[in-house]
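Worksheet: the structure to be examined is printed underneath.
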Amino acid sequence: MKKITAALLHFWETLFHGLRAGIHPVFLVFHHDVKLVFKNISTIIIAAGLAFLPSLYAWINIYACWDPYANTGNLPVAIVSKDQGAVYNGKVMNAGDEILAELKKNKSIGWDFVDEWQANYGLNQGKYYAMIEVPDNFSARLLTLTSSTPQKPVITYRTNQKLNSIATKITDAAKTKLVENIKSNFVKTVTSEVINTVKTEMKTTSLDASKIKELKTTLSQANETITTLKKYISTASTDSANFQIYLNKSSALLPKVNAQMSNLQNILSADRELAQNTETTIRSVSTNLNTDMQQVNLINQKNQQMLALLQQANANAISKDTLALMQQTTSICNAADALLQSDRTTLNALSQSYNLPALSLAADSLQYVDKLILNERDTLKQQMAILSVDASKEKTAKALTVLSKLSDSIADQLTALSARLATDTQPVLNSLISNFSLQLGNAGKIAQAENTLLPQMNALAAFNTASGQITSSQAAQLNKTLTTVQESLNTLLTKVGTITEEDLDYVTDLITNHPGEIADFISSPVTVKEVDIYNSSTFGVGVAPFYTVLAIWIGALLSCALLTVNFEPKQIGGWKLNLVQKHFGKMLMFLCLSLLQSMIIVLGDVFLLGVHPADFQLLLGLTALTSVTFTILIFTLVSLFGNVGKAIAVVMMVFQIAGAGGIYPIQTNPQIFGMLAPLWPFSYAIDYFREAIAGPVWSSVQHNVRAMFFFIVGFLLLAIFKKPFHLFTEKMEKIYKKAQI
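According to this note's numbering, the sequence shown is numbered sequentially starting from -5.
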């Protein structure tokens, strides 16, 4: 037991001596530096200057930004009104003059009322930050808002952004507020006029419960009328649907009808052509019959003349001329036969085609006459053969007698046939010609009717398509519209049903006795209630965290720049010093100076400027934490890297001013600053200073404090690399001295 106790005592004794040997020289270095500060008045003045100098940076900037918006009345803005005015309800209205009158009462901006030339000249020369011009038709256009064709009035706003970008933002806000006031005042004026008109009408018109009841009855009747109308539309829609089915069927048959009509046209065309040809043929037959009968009569007469010549000839000697005459007569008979054969064939064809017995009889008569002529021809041939062998007088006389009788018989038959053709055949042919003429006329009428019918049927098909699309859609749309109107009527009917006589009295009293309140409410129906969760009172209080943190950084950087961070003696008080002990010993002196600087800054913020923190003790504690963090960070950089470390500290400060969200929200900066913000101690220091001043959210305070401790621990551990970097730093210092920069 004694051995264990002795071992523990030895361990603690060894640990104590080890810690004492490591830490005690650090405090000896600190004590040495403190004595040097108070050794003479010069060092005291330098130390005091270093203590107070950073606070001036913070106080001056905070005071300059304390309440800039309270002094916007000093910003010169030119106002020009060229408004000619307008007449409304018999009253002259000049909105431009009203704007000038209102602005003369408004001291938030330095309004300067000048003419157009002075305003433009002053704006270009930098005398005015902005210019607002009311045009000559401003009132006239403003009053068009009460008409069916409104035109927006225009106010011209010009700025000189070259002078100051923030000033133009302030004047822009003033311009926006001016426009809002114009709108509000105009609506208030028009509403007042409307209410006064209603008030006048109410004096001449009594509004009581009986009229409300009449209104309810009227609305109910209108509702019932719409219901009935919807039923009619539904019935009409059903009839339209049935008619549509019929039209669809008609449209389906229309292609077939068109094809059949086309075939009918072809048939009519062929029939018309056939009828024309047939009519022509019949007319030709009629003409040919008359001509042929005349020709046959002439032939018979010639035969008789030739027979007479033969009888008068010398019976003793038949000359060659007699035989020649007989041969000529034979040829004439052949010609007559050809004519009669042609006419007979045509009459038989017509008789068979149209079943006309009269034509058949005429053809038979022609055939009979033709046989007689052929007999005469054959007899001539026989007599010519006889006479050519034996041309005695007796034989010749006998032959001539036979031929003469035959010729007389033919003449009689021709006479009878001509009479029959004139009485029986020719009327039949004339009737056929009339029938075919009538048939041609009917065919023409059919073709004309068909030409009229086809476009009408096509139009019916087009109507089918259009009516199918229009009628159904219009019926549905009308039904939908009526339903909407009916719903609105029902809603109105419900609301009217809730109106009581007390409500009417209240409305009457409101319009009669409180028109101003109504106009004011309509012109500005919404009032914004601003509630500040953390009231920073003025802009200066809002920027105090940023400038305070920046001043603490500048104080630590200034100390490291003006005072040496190296301890030259190799031992002190009998203790041999290493580089790490010298490093931390000198750091203690800088920590004390930075704490003094920071406390002066913060106490001046509170008691000189009037920044009233929500938690003063928290503010002091966070100030100390900020001072320690910044000093350790900057001192370590300068101690390890010398002048390079000072440059690094300056670069960090520049980035932190722009990208720590001190003045503008970090979200409004370029994205790169938002990405780098978590790397800067400024981000956390500014946040927890705001918490202490406006009211702490402890979770946020704890988060920021933890981040600052990470910086402290990280840069304390960097002191381990003091020895490796010491050689580099000394070498760089020698280079600077040698270069005499």
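Even glycine gets a Cβ: it sits at the ideal position worked out from N, Cα and C.
One or two residues paired with residue i in a DSSP bridge
i    : result
E96  : According to DSSP, E96 bridges with nothing at all.
M593 : DSSP output for M593 lists no bridge partner at all.
Where residue i sits in the DSSP three-state scheme
i    : result
G79  : coil
I729 : helix
K717 : helix
W105 : strand
A124 : strand
T221 : helix
A52  : helix
I326 : helix
P70  : strand
V537 : helix
T532 : coil
H4   : Any reading at H4 needs caution, since the residue's pLDDT is 46, under 50, leaving its predicted position unreliable; the model's value is listed next. Note: H4 maps to helix in three-state DSSP.
T150 : strand
K85  : strand
H606 : coil
G689 : coil
A311 : Residue confidence is low: A311 scores 47 on pLDDT, short of 50, so the model does not pin down where it sits. No coordinate-derived value is stated.
D130 : coil
K736 : Here the chain covers residues -5 to 735 and nothing more, so residue 736 does not appear.
K156 : coil
F46  : helix
G12  : Because the pLDDT at G12 is just 44, under 50, the model does not fix this residue reliably, and the value given afterwards should be weighed accordingly. Helix, per DSSP.
T723 : helix
T37  : helix
T477 : helix
D791 : A query on residue 791 cannot be resolved here, the shown segment of the chain reaching from -5 to 735 and no further.
W111 : helix
Q376 : helix
D61  : coil
F32  : coil
Interface flag, residue i vs chain B, CB-CB below 8 Å
i    : result
L334 : Protein chains in the displayed structure number just one, and chain B is not present.
Whole-number beta carbon distance between residue j and residue i, since they are thought to touch under 8 Å
i    : j    : result
I687 : A671 : With a Cβ gap of about 20 Å, I687 and A671 do not count as contacting.
I546 : F629 : About 13 Å; that fails the 8 Å criterion.
I93  : L69  : At roughly 18 Å, the Cβ-Cβ gap does not stay under 8 Å, so I93 and L69 are not in contact.
A643 : L634 : About 12 Å separates the two Cβ atoms, so there is no contact after all.
D61  : T542 : Not confirmed; about 18 Å, so no contact.
F663 : Y682 : Checking the displayed sequence, the identity of residue 663 turns out to be Asn instead of Phe. Wrong, their Cβ atoms sit about 21 Å apart, outside the cutoff.
D599 : A52  : 7 Å
L587 : A45  : 7 Å
P48  : G639 : P48 to G639, Cβ: 19 Å. No contact.
V28  : Q575 : At roughly 16 Å, the Cβ-Cβ gap does not stay under 8 Å, so V28 and Q575 are not in contact.
L627 : F709 : 5 Å
S133 : N65  : Contact flag wrong, Cβ pair sits at about 34 Å.
H577 : A701 : No, H577 and A701 are not in contact; Cβ-Cβ is about 24 Å, not under 8 Å.
V479 : I220 : 6 Å
Residue closest to residue i, alpha-carbon to alpha-carbon, out of the options
i    : options                : result
L612 : R684, L582, G598, D27  : R684
G90  : D77, K99, K98          : D77
M646 : W674, K365, T339       : W674
A679 : G615, D130, Q575       : G615
H606 : P539, A641, Q335, T323 : P539
V71  : K576, I56, W105, L333  : W105
N601 : G639, I626, S553, V535 : The sequence given here places Phe at residue 601; Asn does not occur at that position. For F601, the nearest C-alpha among the options comes from V535.
L40  : N65, T221, L552, E110  : According to the sequence shown, residue 40 is Ile rather than Leu. Selected option, being the one with the closest Cα: L552.
L374 : L334, V363, Q322       : Q322
Y57  : L603, V128, T723       : L603
L585 : V622, P147, I594, R371 : V622
A124 : A134, T150, M702       : T150
I594 : M583, G579, A618       : A618
E218 : E481, L333, S36, N65   : E481
R152 : L334, Q377, I126       : I126
N131 : W111, L139, V148, S142 : V148
T211 : Q665, T488, K717       : T488
A555 : G579, L571, A330, G636 : G636
Residue i Cβ short of 7 Å to the ligand ZN heavy atom set
i    : result
E110 : As presented, the structure is devoid of all ligands, the ligand ZN included, so that no description of it is given.
So within the segment 614 to 687, which uninterrupted alpha helix (DSSP H) runs reach at least 4 residues, ignoring any that extend past its ends?
637 to 653, 665 to 670
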